[in-house]
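Student: Okay, here's the structure, questions in a sec.
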Amino acid sequence: MKAGSHYLTHAEWGCLDGDHRAWITVEAEDDADARRMVPPVIRSSTKVVRLFQFTPEHVRFLQQLTPEQFRRLQKLPVEQLRELSGLTLEQLSHFLSL
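Okay, so the sequence shown: first residue is 1 according to the numbering used here, each after it adds one.
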C-alpha cells in the first residue's frame, strides 16, 4: 500500500455508485509518460485518455471534418493539440490539410 498511497489519495473513485474504478487527471508528455505515473501493479490495465477543452467554434469545425481529417487530428501529440486550441477555424483547416 505504501507504493500506491499517493495514487490512492489523489484519485477520484466511483465505488459509492458500484463502479470500482479510479480516475486521476495528470499532465503528461504522452501516453507512456502518463502510464508511468500509475502504480506498476495496475499499469497494464490502465486506460489513458487525452483530454482537451473545446470552444463552440472548435465543435462546429470538428463537425465539418472528413473521417480522414479527424483520424489525423486524433493522432496528434498532446502538445500539438494544446497549440491547436488557440487557432482560428481557418488556421485549423489549413493545419489539417497539410
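From the three backbone atoms N, C-alpha and C, an ideal C-beta is built for every residue, glycine too.
Do you know whose CA, among Pro-77, Arg-72 and Glu-79, lies nearest His-94's CA?
Tutor: For the residues Pro-77, Arg-72 and Glu-79, the minimum Cα distance to His-94 belongs to Arg-72.
Student: Tell me which same chain residues have a C-beta within less than 6 Å of the C-beta of Asp-31, skipping the five on either side of it?
Tutor: Val-48, listed in sequence order.
Student: Can at least three beta-carbon pairs, one atom from the segment 31-47 and one from the segment 3-16, be found at a separation below 8 Å?
Tutor: With the cut-off at 8 Å, the segment 31-47 and the segment 3-16 touch.
Student: Considering only the beta carbon of each residue, do Arg-35 and Thr-46 sit closer than 8 Å?
Tutor: In contact: Arg-35 and Thr-46 (Cβ atoms closer than 8 Å).
Student: What's the gap between the Cα of Leu-16 and the Cα of Glu-79?
Tutor: Each residue's Cα considered, the two are about 35 Å apart.
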